[in-house]
Amino acid sequence: MERKIRKILVANRGVPAVRIMQTCRDLKIPTVAVYSTPDRLSLHVFMADEAVHIGEGPPLKSYLHMDRIIEAALKTGADAVHPGWGFLAENADFARRVIEAGLVWIGPRPEIIALMGDKKAAKEIAKRANVPTIPGIEDPKSPEEVLEWMERSRITFPIMLKAALGGGGKGMIKVENAQELPQKFSHAQSEAYKAFGDASLIAEKYIERGRHIEVQVVGDKHGHVVHLFERECTIQRRNQKIIEETPAPSLDDDLRQEICFTAVRLMREIGYDSAGTVEFLLDTATRRFYFLEVNTRLQVEHGVTELATGLDIVDLMIQIAEGKPLPFHQRDIQSNRWAIECRLTAEDPKTFAPSFGTITRLQIPDGPNIRISTGVYEGAEIPPYYDSMFMLIMSAGADRDQAIRVMDRALSRGLRVDGVKTIAPLLISIIRHPRFRAGEFSTRFIEEHLEELISTFKEFDPDEEVLKIARYVAEISALGPQSWM
């Protein structure tokens with residue numbers, strides 16, 4: 171049954187909120203923003219047709235406060251909620267409560283979110299759908315149990331300990347040997363409980379030179395599921411992605427087809443009905459891939475897929491939520507460009523320490539084959555309460571070399587941010603590195619090359635620039651008008 175959406179509340183802030191509102195403007199659907207006190211002058215508040223204050227800075231008092239968000243939707247006459255990514259995007263309880271309030275949830279069914287949020291259950295479903303999974307043990311109660319499993323399955327160190335209810339790189343700890351296992355086991359349990367309220371773990375074989383491949387999938391409420399090709403998200407630090415691209419340089423056409431259709435098979439098995447992503451780890455030594463998890467939401471990096479295919483994934487999510495069938499078949503979808511995304515965060519590029527404050531100057535890259543998704547403007551504040559990512563810089567080209575050249579122009583010539591530190595120098599160093607340009611890297615690329623990457627940073631000192639201008643003015647004052655003036 172189709173239900174026309176007339177007004178959407180965006181239950182998010184910053185980059186995701188602005189991104190969703192842009193599609194809503196295309197579709198002539200009015201939007202409602204929610205905001206915390208520190209965000210009262212944020213870009214997403216100005217972009218929305220209406221805005222509702224929902225609490226103070228800490229997320230628990232605002233962007234994670236379900237009652238206030240649902241109340242804001244009902245008060246403003248919104249009939250649908252889009253969660254973006256982060257905060258409540260993968261919270262089955264929130265999705266359920268939105269639906270119970272008579273609103274349309276723009277995302278997959280709550281039971282699917284709950285099922286895929288449980289790593290153990292997700293792995294079982296993957297096995298049932300004949301999707302390869304990394305050898306592992308679920309819910310070990312002690313380090314001894316992990317060692318027994320390793321001996322029984324002939325698994326050698328290193329291994330990975332993961333929070334059973336984890337996601338987004340949180341609650342993951344690598345264990346190199348038996349001596350450090352007891353301490354790291356207890357640390358992983360503590361991290362899992364702090365982040366997800368559940369100390370259950372999964373222990374898995376660690377894939378040494380792994381590459382992170384994910385497949386973008388969309389499914390409607392009529393049983394149609396298609397893939398929009400894959401993305402490579404291997405360049406990470408602390409298990410957080412910072413550069414993504416499509417197509418994946420690590421795949422040949424046969425492996426690409428196999429991994430994409432494996433993702434579709436899994437999503438059909440669970441009856442998926444929105445945009446979502448199936449994540450895999452590719453073992454470069456054996457060319458085998460293994461299921462990692464399903465992200466039941468819009469991904470940060472969805473923009474590179476949109477650049478390569480010409481589709482609007484947010485628009486598709488809205489159409490699916492309205493009950494419409496997908497407007498295409500698998501054979502209609504073509505990926506005809508190479509696209510790369512860099513995540514720009516307000517952090518020190520050497521130490522990754524957060525950098526908060528006011529953006530005193532902002533120059534946003536533009537020109538051919540560049541797409542920007544921003545959550546800020548010149549003069550905006552970057553508050554200390556939220557994720558430090560404030561801009562996505564995307565480039566496209568006929569091939570990978572061209573897309574990298576465009577990204578180099580965007581980062582080195584097109585971008586300028588004063589007032590806060592950003593990881594732009596690190597991003598430039600990575601895309602200029604010969605191993606990255608050759609497509610030869612693993613998820614450990616940054617930790618293996620960090621010193622080398624930092625050594626290429628060009629220091630920029632705004633005070634030095636002011637002194638240059640002062641010297642120039644003094645010279646003109648002393649010497650009088652010049653012939654070239």
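Going by the numbering used here, the first residue of the sequence shown is number 171, and it counts up by one from there. No residue lacks a Cβ here, since even glycine has one placed at the ideal position from N, Cα and C.
Inter-residue spacing [alpha-carbon to alpha-carbon] between Ala221 and Glu548: 21 Å
Own chain, CB closer than 6 Å to Phe526, minus 5 neighbours either side, in chain order: Ile552, Pro554
Inter-stretch contact (C-beta, 8 Å, three-pair minimum) for the segment 592-610 and the segment 509-519: yes
Cβ contact check for the segment 323-339 and the segment 351-359: 3 or more pairs under 8 Å: Contact holds between the segment 323-339 and the segment 351-359, because three or more Cβ pairs, one in each stretch, are under 8 Å apart.
CA nearest to the CA of Leu179, picked from Ala218, Arg531, Met577: Ala218
Collapsed DSSP secondary structure at Met191 in the structure displayed: helix
Three-state class that DSSP yields for Leu381 in the structure shown: Reading the sequence as shown, one finds Arg at residue 381 and not Leu. The answer is strand: DSSP assigns Arg381 an E or B state.
Integer-rounded CB distance, given that Arg507 should sit under 8 Å from Ala566: 5 Å
Run of the beta strand (DSSP E) containing Trp319, from where it starts to where it stops: Premise fails: Trp319 lies in the alpha helix (DSSP H), 313-323, not in any beta strand (DSSP E).
Member of Asp536, Ile529, His252, Val387 whose CA lies at the smallest distance from the CA of Asn182: His252
Classification of Arg322 by the beta-carbon crowding that lies within 10 angstroms, buried from 16 upward: A residue is called buried once 16 or more other Cβ atoms fall within 10 Å of its Cβ, and Arg322, having fewer, is exposed.
Rounded distance between the beta-carbons of Pro328 and Tyr376, thought under 8 Å: 4 Å
Local Cβ density within 10 Å of His392, reported as buried at 16 or more and exposed below that: exposed
Inter-residue spacing [alpha-carbon to alpha-carbon] between Ile269 and Leu425: 39 Å
Thr481 - containing beta strand (DSSP E), residue span: According to the sequence shown, residue 481 is Leu rather than Thr. Premise fails: Leu481 is in no beta strand (DSSP E) and is neither H nor E.
Sequence-distant residues of its chain with Cβ nearer than 8 Å to Arg267 (five each side left out): Met236, Ile240
Local Cβ density within 10 Å of Leu649, reported as buried at 16 or more and exposed below that: Residue environment: Leu649 is assigned as exposed (fewer than 16 neighbouring CB atoms within 10 Å of its CB, all protein chains considered).
Val372, enclosing beta strand (DSSP E) - first and last residue: The residue you asked about is not Val; residue 372 is Ile in the sequence shown. Per DSSP, Ile372 belongs to the beta strand (DSSP E) from 371-375.
The beta strand (DSSP E) enclosing Val202, as first and last residue numbers: 201-206
Three or more C-beta pairs below 8 Å linking the segment 575-582 and the segment 534-550: Taking a cut-off of 8 Å for Cβ pairs, the segment 575-582 and the segment 534-550 touch, as three or more such pairs fall below it.
Leu468 vs His382 beta-carbon contact at 8 Å: No; because the gap between Cβ atoms is not below 8 Å, this pair is not in contact.
Beta-carbon gap between Gly184 and Gly545 smaller than 8 Å: yes
Extent of the continuous alpha helix (DSSP H) run through Met286: 280-287
Continuous alpha helix (DSSP H) stretch holding Thr432: start and end: If you look at Thr432, you'll find it in the alpha helix (DSSP H) that goes 423-440.
As assigned by DSSP and simplified to three states, the class of Ile616: In the structure shown, Ile616 sits in a helix (DSSP, three-state: H, G or I).
Buried versus exposed call for Thr193 [16 or more other C-beta atoms within 10 Å across all chains shown]: buried
Exposure of Ser625, with buried meaning 16 or more beta-carbon neighbours within 10 Å: Result: exposed.
Cβ contact check for the segment 434-443 and the segment 257-264: 3 or more pairs under 8 Å: no
Closest residue to Ile304 among Pro313, Leu317, Ala608, Lys290 (Cα-Cα distance): Lys290
Selected residue, minimal CA-CA separation from Ser582, among Arg614, Ile307, Asp536: Nearest C-alpha to Ser582 among Arg614, Ile307, Asp536: Asp536.
Which of helix, strand or coil DSSP assigns to Thr475: helix
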